[in-house]
Amino acid sequence: MRIAVVGTGYVGLVVGTGLAENGHVVRCVDMDAEKIKQLSQGVMPIYEPGLEELVARNVEEERLFFTTDLPAAVAESLLVFLCVGTPPDPQGDPDLSAVLDAAEQVARAMTGYRIIVNKSTCPVGTTERLRDLIRQHTSHPFDVVANPEFLKEGAAVDDFMRPDRIVIGCDDVRVEEIMKELYAPFLRTGKPFLTMGVRSAEMTKYAVNTMIAARISMINELAAISQAYGADVNEVREGLAADSRLGPAYLFAGLGFGGSCLPKDVAACARMAREAGVEPDMLDAVTAVNQRQRARFAKQVVDYYGDGIATKRIAVWGVSFKPRTDDIRNAPALDVIDALLEAGAQVVVYDPRAVPKLRAMYGDRVATVIKTYAALEGADGLVIATEWNEFRRPDYERMAALMREKVIFDGRNLYTAKTLAEYGFKYFSIGGPCAARGF
Ligand SMILES: NC(=O)c1ccc[n+]([C@@H]2O[C@H](COP(=O)([O-])OP(=O)(O)OC[C@H]3O[C@@H](n4cnc5c(N)ncnc54)[C@H](O)[C@@H]3O)[C@@H](O)[C@H]2O)c1
Numbered sequence: 001m002r003i004a005v006v007g008t009g010y011v012g013l014v015v016g017t018g019l020a021e022n023g024h025v026v027r028c029v030d031m032d033a034e035k036i037k038q039l040s041q042g043v044m045p046i047y048e049p050g051l052e053e054l055v056a057r058n059v060e061e062e063r064l065f066f067t068t069d070l071p072a073a074v075a076e077s078l079l080v081f082l083c084v085g086t087p088p089d090p091q092g093d094p095d096l097s098a099v100l101d102a103a104e105q106v107a108r109a110m111t112g113y114r115i116i117v118n119k120s121t122c123p124v125g126t127t128e129r130l131r132d133l134i135r136q137h138t139s140h141p142f143d144v145v146a147n148p149e150f151l152k153e154g155a156a157v158d159d160f161m162r163p164d165r166i167v168i169g170c171d172d173v174r175v176e177e178i179m180k181e182l183y184a185p186f187l188r189t190g191k192p193f194l195t196m197g198v199r200s201a202e203m204t205k206y207a208v209n210t211m212i213a214a215r216i217s218m219i220n221e222l223a224a225i226s227q228a229y230g231a232d233v234n235e236v237r238e239g240l241a242a243d244s245r246l247g248p249a250y251l252f253a254g255l256g257f258g259g260s261c262l263p264k265d266v267a268a269c270a271r272m273a274r275e276a277g278v279e280p281d282m283l284d285a286v287t288a289v290n291q292r293q294r295a296r297f298a299k300q301v302v303d304y305y306g307d308g309i310a311t312k313r314i315a316v317w318g319v320s321f322k323p324r325t326d327d328i329r330n331a332p333a334l335d336v337i338d339a340l341l342e343a344g345a346q347v348v349v350y351d352p353r354a355v356p357k358l359r360a361m362y363g364d365r366v367a368t369v370i371k372t373y374a375a376l377e378g379a380d381g382l383v384i385a386t387e388w389n390e391f392r393r394p395d396y397e398r399m400a401a402l403m404r405e406k407v408i409f410d411g412r413n414l415y416t417a418k419t420l421a422e423y424g425f426k427y428f429s430i431g432g433p434c435a436a437r438g439f
């Protein structure tokens, strides 16, 4: 099939490349001319494991193209995927302007029948809104499909190529058949192709993300209670994860959730609830617990140093909102960095991939290094903010030798208090043993 993908960000680039990898001819469109220029020169604007090789191969095979020319891409394609951003506006509501703009541009560019497939996460009812908008700007026939995307950054290629399920919200059986045919190669292991009403499909995306966020907030609250009573949440987690009713996913206590999706989707779902007269008590609690968790950790680090913090040099390992991505949008690490900078500390950051994006945001306000241990030279403390694999089993002896003050604030519970004590470190984790409380 001939496909246009509008929006070549974390989702659009993976979707476009994954579809091209299955043999389709895909035109990835973006309004960001610099991004398209980079991609056309083989330079990746984002880091996502395995993506660069796939992009190169499909460009080489002339199945994948990058362009800013939306009308030309739409004219060439039967299917048009919308993968533009829906970031929160200043009030925290999802800003749909990019989706509406993109849909209008697509409508104006149509030269015949098109299927517009919306992958951007939008409030329930948006597909119908898109349908009305497109109808105003074209006389050609079309269908609009809701096709929420569930990929995770850091494993996006795998998730797209081998999804847990495909959800299609669609009212037309012929369009359903086309979508089924499109996704059949991705579902060869028998994972379900779920067709449902358009509104149910839109709601499913919010249901999944709010449920994940709720688990994270729940384990973080359990961590705080565990610590207050001298229990270790790492041990408690093992008991939880082994329960077949619960399963092991998203049960790690940490700094709280961040990134470009969970916080905004929980907020958007709460807003939808309120607009319909439903009190979103659970969603409000999920957000409140998360905000408290993020603030509590940052405050703990700052409070530890007290008045002397302005003379301290604090190392931060990891700034991306999760490992295996360079995405720092709404990353919990930024709360810690902001709190440290505000208190007057010097901050030196190492991250395997996200340093360029951090520098674009902070400039010289933070120091950055390109090697893991360089961050520790003369440091008065180390904050672990992202659980990149390379931080899991570091050389403790080398760390102890490099640091001026041996204290670690482990926001991802990578280490054990006992091991670090053997190397002379003071160690603070989330919901783990707490020396200050005598546990
Ligand atoms: N990032 C994720 O992990 C993820 C996962 C599932 C769903 N989603 C949802 O997918 C959507 C896209 O997310 P993302 O992280 O890829 O966003 P992103 O910000 O990385 O990319 C969006 C891209 O769209 C481009 N764009 C905006 N308006 C355009 C227009 N009119 N024409 C052409 N290009 C345009 C932007 O320049 C940008 O490159 C969001 O609704 C998000 O909630 C994201």
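For the sequence shown, the residue numbers in my numbering are 1 to 439.
We treat Cβ as the ideally placed atom computed from N, Cα and C, and that holds for glycine.
Excluding sequence positions up to five away, which residues of its chain have a Cβ less than 7 Å from the Cβ of residue i?
i: lysine 322; result: Glu153, Gly154, Gly259 and Thr386
i: valine 191; result: The sequence given here places lysine at residue 191; valine does not occur at that position. If we look at lysine 191 and ignore the five residues flanking it on each side, its Cβ neighbours are Pro163, Asp164 and Arg165.
i: valine 369; result: Val348, Tyr350 and Ala375
i: asparagine 330; result: Gly258, Gly259, Ser260, Pro263 and Phe321
I'd like to know whether the C-beta atoms of residue i and residue j end up nearer to each other than 9 Å.
i: glycine 381; j: tyrosine 304; result: yes
i: arginine 294; j: aspartate 232; result: no
i: alanine 333; j: glycine 318; result: yes
i: isoleucine 314; j: valine 286; result: no
i: isoleucine 430; j: glutamine 291; result: no
i: tyrosine 47; j: aspartate 326; result: yes
i: leucine 414; j: arginine 392; result: yes
i: alanine 270; j: leucine 283; result: yes
i: phenylalanine 450; j: isoleucine 116; result: Any property of residue 450 remains undetermined from this structure, which presents the chain solely from 1 to 439.
i: alanine 298; j: isoleucine 328; result: no
i: valine 11; j: leucine 182; result: no
i: glutamine 38; j: methionine 44; result: yes
i: valine 383; j: valine 316; result: yes
i: phenylalanine 193; j: arginine 412; result: no
For ligand 1, is there a heavy atom less than 8 Å away from the beta-carbon of residue i?
i: valine 173; result: no
i: glutamate 153; result: yes
i: serine 77; result: no
i: methionine 1; result: no
i: leucine 70; result: yes
i: alanine 102; result: yes
i: proline 87; result: yes
i: lysine 371; result: no
i: serine 507; result: Not covered by the structure: residue 507. The range shown for the chain is 1 to 439.
i: alanine 98; result: yes
i: glutamine 105; result: yes
i: valine 383; result: no
i: glycine 258; result: no
i: threonine 8; result: yes
i: glycine 363; result: no
i: cysteine 440; result: Residue 440 is absent from the model: the chain starts at 1 and stops at 439.
i: isoleucine 46; result: yes
i: glycine 247; result: no
i: phenylalanine 150; result: yes
i: valine 144; result: no
i: methionine 282; result: no
i: aspartate 164; result: no
Would residue i count as contacting chain B if we go by Cβ distances under 9 Å?
i: aspartate 281; result: No chain B is part of this structure, which consists of one protein chain only.
With a threshold of 6 Å on Cβ separation, who are the neighbours of residue i within its own chain once the five nearest residues in sequence on each side are excluded?
i: proline 88; result: Lys264
i: lysine 312; result: Tyr305, Ala345 and Asp380
i: serine 77; result: Arg2, Ile3 and Ala4
Please report the Cβ distance between residue i and residue j, rounded to the nearest whole angstrom; I am assuming they are in contact, meaning their Cβ atoms lie under 8 Å.
i: serine 120; j: valine 99; result: 5 Å
i: leucine 96; j: threonine 126; result: 7 Å
i: arginine 398; j: tyrosine 373; result: 6 Å
i: leucine 51; j: leucine 13; result: 7 Å
i: methionine 196; j: leucine 79; result: Rounded, the Cβ-Cβ distance is 19 Å, inconsistent with contact.
i: asparagine 22; j: proline 148; result: With a Cβ gap of about 19 Å, asparagine 22 and proline 148 do not count as contacting.
i: alanine 375; j: aspartate 93; result: Their Cβ separation, rounded to whole angstroms, is 38 Å, which puts alanine 375 and aspartate 93 out of contact at 8 Å.
i: leucine 130; j: alanine 103; result: 5 Å
i: phenylalanine 160; j: valine 15; result: 6 Å
i: valine 157; j: phenylalanine 81; result: Not confirmed; about 16 Å, so no contact.
i: glycine 112; j: alanine 146; result: At roughly 22 Å, the Cβ-Cβ gap does not stay under 8 Å, so glycine 112 and alanine 146 are not in contact.
i: threonine 8; j: leucine 64; result: In fact, because the Cβ distance is near 11 Å, the residues do not count as touching under 8 Å.
i: tyrosine 396; j: threonine 416; result: Contact doesn't hold; Cβ gap of about 11 Å is too wide.
i: valine 266; j: alanine 213; result: 5 Å
Ordered along the chain, which non-local residues of its own chain (more than five positions away) have a Cβ less than 8 Å from that of residue i?
i: alanine 400; result: Lys406, Tyr423, Gly424 and Phe425
i: alanine 33; result: Thr68
i: glutamate 202; result: Cys122, Pro123, Val124, Gly125, Thr126, Thr127, Ala146, Pro148 and Gly169
Does ligand 3 have even one heavy atom less than 8 Å from the beta-carbon of residue i?
i: alanine 156; result: For the structure depicted, ligand 3 is absent and the ligand set comprises only ligand 1.
ask   = With contact counted as at least three CB pairs below 8 Å, one residue from each stretch, are the stretch 59–75 and the stretch 222–232 in contact?
value = Judged by Cβ distances under 8 Å, the stretch 59–75 makes no contact with the stretch 222–232, as fewer than three pairs qualify.
ask   = Are the stretch 203–213 and the stretch 172–179 touching by the rule of at least three beta carbon pairs closer than 8 Å?
value = The stretch 203–213 and the stretch 172–179 do not touch, with fewer than 3 CB-CB distances between them shorter than 8 Å.
Stretch pair the stretch 16–29 + the stretch 62–73: three plus CB contacts closer than 8 Å = The stretch 16–29 makes contact with the stretch 62–73, as at least three CB pairs between them are under 8 Å.
ask   = Does the stretch 215–226 touch the stretch 234–250, meaning 3 or more C-beta pairs lie closer than 8 Å?
value = Put simply, the stretch 234–250 touches the stretch 215–226. At least three CB pairs are less than 8 Å apart.
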